[in-house]
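Residue numbers (this note's numbering): 700 to 890.
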């Protein structure tokens, strides 16, 4: 039922992409209209629909209604994964990592999307498996150049990741507390 209501218009997809790939932003209707270059009535209608199904929430700020992502919606991480994988950035990342020999999974964090770090242990990306460090460095260097910012990345073997989870390693625990997006690999590798 949710999916039928979710993906029925181009404007809705653009609004979802804006909020899901920038989860900390808030917009009032006219600001979003300017940002997306869409008709005000179409944007207003889709914001109301997205709030009705629980993906966005609104609040009054003076005389403006401001919308932001509803962090309590349990579908947000999966939708972020879907939208990030299908975004230009997601495609670039996937293109660069899919041929790394020994890579099982690549996880990006909400810190990566928002460029905000709540702790010194927050990272942008976690490479899981047994890839060559040289290959990872090459990918990170290319992404840093494209994004024009420094990335915080870590690489772990599968068994080291499992051990770190058991021992409640601060880096791994901070990673697992965030909304994470699996860009590459099998979702079961995180369990």
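For every residue, glycine included, the Cβ atom is placed at its ideal position computed from N, Cα and C.
Own chain partners of residue i with C-beta closer than 6 Å, once the 5 adjacent residues on each side are dropped
i           : result
residue 853 : 822, 825
residue 727 : 763, 765
residue 893 : The question about residue 893 has no answer here: the residues shown for the chain are numbered 700 through 890.
residue 775 : none
Pick from the options that is closest to residue i, judged by C-alpha positions
i           : options            : result
residue 772 : 722, 742, 862, 759 : 722
residue 804 : 785, 730, 828, 817 : 828
residue 812 : 850, 754, 887      : 850
residue 718 : 738, 741, 756      : 756
residue 767 : 797, 716, 788      : 716
residue 707 : 731, 795, 814, 741 : 741
residue 817 : 733, 876, 731      : 876
Three-state secondary structure (DSSP) of residue i
i           : result
residue 804 : strand
residue 688 : Residue 688 is absent from the model: the chain starts at 700 and stops at 890.
residue 810 : helix
residue 859 : helix
residue 756 : strand
Cα-Cα separation between residue i and residue j, rounded to whole angstroms
i           : j           : result
residue 759 : residue 724 : 15 Å
residue 753 : residue 878 : 17 Å
residue 837 : residue 793 : 14 Å
residue 790 : residue 856 : 24 Å
residue 799 : residue 840 : 15 Å
residue 896 : residue 745 : With the chain covering 700 to 890 only, the question about residue 896 has no answer from this structure.
residue 801 : residue 835 : 11 Å
residue 782 : residue 872 : 25 Å
residue 858 : residue 845 : 32 Å
residue 861 : residue 884 : 16 Å
residue 831 : residue 807 : 19 Å
Beta-carbon contacts of residue i that lie in its chain and below 7 Å, excluding the five residues immediately before and after
i           : result
residue 780 : 880, 881
On the three-pair Cβ rule with 8 Å, is the stretch 739-752 touching the stretch 703-718?
-> yes
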